[in-house]
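Undergrad: Here's a structure for you.
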Amino acid sequence: QRTEAFIRPSPAGRTLGGVTRRTRETMLLTEAAGFDIVLVETVGVGQSETAVSEMTDLFVLLLLPGGGDELQGIKRGIVELADLLVINKADGDLAPAAQRTVADYRHALRLLHTRHPDWEVPVMSCSALDGSGIAEVWETIEKFREVMSANGELSRTRAAQATAWLWSELAEDLLELLKNDAGLRKRIDSLEQAVATGRTSPRVAARMIVEQFIADRKTDKP
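Residue 80 in my numbering sits at position 57 of the sequence shown, and the numbers go up by one each step.
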C-alpha cells in the first residue's frame with residue numbers, strides 16, 4: 024500500500040459497469056483532497072464507457088490481443104469515444120498477437136471520426152506483467168493533456184461536462200420527485216398498466232404524468 028494513493032470501490036447497485044450517479048462527486052472530492060490524478064475504471068459493458076467518457080479529461084480504452092472482431096457492434100462505438108487505445112498483455116506468447124492487434128486498430132481508426140481535431144488517437148501496446156510500454160503510455164497521456172490545455176479544449180470540455188452534470192442531476196431529482204409523489208401513485212400505477220397492455224404509448228403516458236404533476240402543484244397553491 025502507498026499513502027499517496029487512494030482507492031475507492033463504488034457500489035454500482037443497479038447501474039451497469041460500475042459508474043454510479045455519485046462518481047462525479049467522488050472525483051471532485053478526491054481532487055479537492057489533493058489527488059491530482061484520478062482514474063475511473065469500468066468493467067467494459069458499453070453503457071458505462073459512454074458515461075465515463077462524459078466525465079473525464081481522457082478516455083483510455085484497454086484491450087486484449089486478438090480482438091479484431093471487437094470493432095463490430097458495441098465495441099466500435101466505444102472505440103470512437105477513445106482518446107488512447109492500449110493493447111495490454113503484450114508479453115510472452117501473446118506478444119505477436121498484441122502487435123497485430125495494434126496494427127489492426129491503427130488501420131481501423133483511419134475510417135473512424137476522431138473526437139478532437141488536434142489529436143490523432145494513438146494505439147499502443149504494453150505489459151502490466153513485465154512493465155514494458157507503461158512509461159510510453161504515461162508519456163502519451165501527459166502529451167494529450169498538454170495539447171488539450173494549449174488549444175483550450177480541456178477547459179471547454181470540462182465546462183460542457185459540468186453543464187451536462189447539472190442536467191443529469193436535474194433529471195434524476197425530478198424522476199425521484201415524480202416516483203415518490205403520493206398524489207401521483209395511483210395515476211402512475213394505472214398508466215403503467217395501460218402501457219404494459221398496449222392501451223397507450225410510453226410517450227403519451229409520460230406526458231400525462233407530467234401534466235398531472237403540474238396540475239397538482241397549481242392546485243396546491245394558496
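Note that beta-carbon positions come from the ideal geometry of N, C-alpha and C, so glycine has one too. These figures come from a predicted structure and were not determined experimentally.
(1) Tell me the DSSP secondary structure of Leu86 in three-state form.
(2) What are the residues that DSSP puts in a beta bridge with Leu108?
(3) Am I right that Thr124 and Pro145 are in contact with their C-beta atoms under 8 Å? What's the rounded C-beta distance?
(4) What are the start and end residues of the alpha helix (DSSP H) that includes Asp325?
(5) Alpha carbon to alpha carbon, how far is Ala151 from Asp59? Give it in angstroms, no decimals.
(6) Mind checking Val227: buried by the 16 CB within 10 Å criterion, or exposed?
(7) Applying the criterion that 16 or more other CB atoms from any shown protein chain within 10 Å of the CB defines a buried residue, is Ala187 buried or exposed?
(8) For Glu215 and Leu85, I'd like the C-alpha separation in whole angstroms.
(9) Taking only the alpha-carbon atoms, compute the straight-line gap between Ser259 and Met231 and give it to the nearest angstrom.
(10) Assuming Ile211 is part of the alpha helix (DSSP H), what are its boundary residues?
(11) At which residues does the alpha helix (DSSP H) containing Arg31 begin and terminate?
(12) Identify which residue in Arg222, Val61 and Val170 has its Cα closest to the Cα of Phe29.
(13) For Arg226, does the three-state DSSP call read helix, strand or coil?
TA: Result, derived from the coordinates:
(1) strand
(2) Leu84 and Val146
(3) Not a contact, Cβ separation roughly 14 Å.
(4) No information on residue 325 is available, as it lies outside the stretch 24 to 245 that the chain covers here.
(5) 23 Å
(6) It is exposed - the Cβ of Val227 has fewer than 16 other Cβ atoms within 10 Å.
(7) exposed
(8) 41 Å
(9) Residue 259 falls outside the range modelled here, since the chain spans only 24 to 245, and no answer is possible.
(10) Arg208 to Ala219
(11) From DSSP, Arg31 is part of no alpha helix (DSSP H); its letter is neither H nor E.
(12) Val61
(13) Look at Arg226 here: in three-state DSSP terms it is helix.
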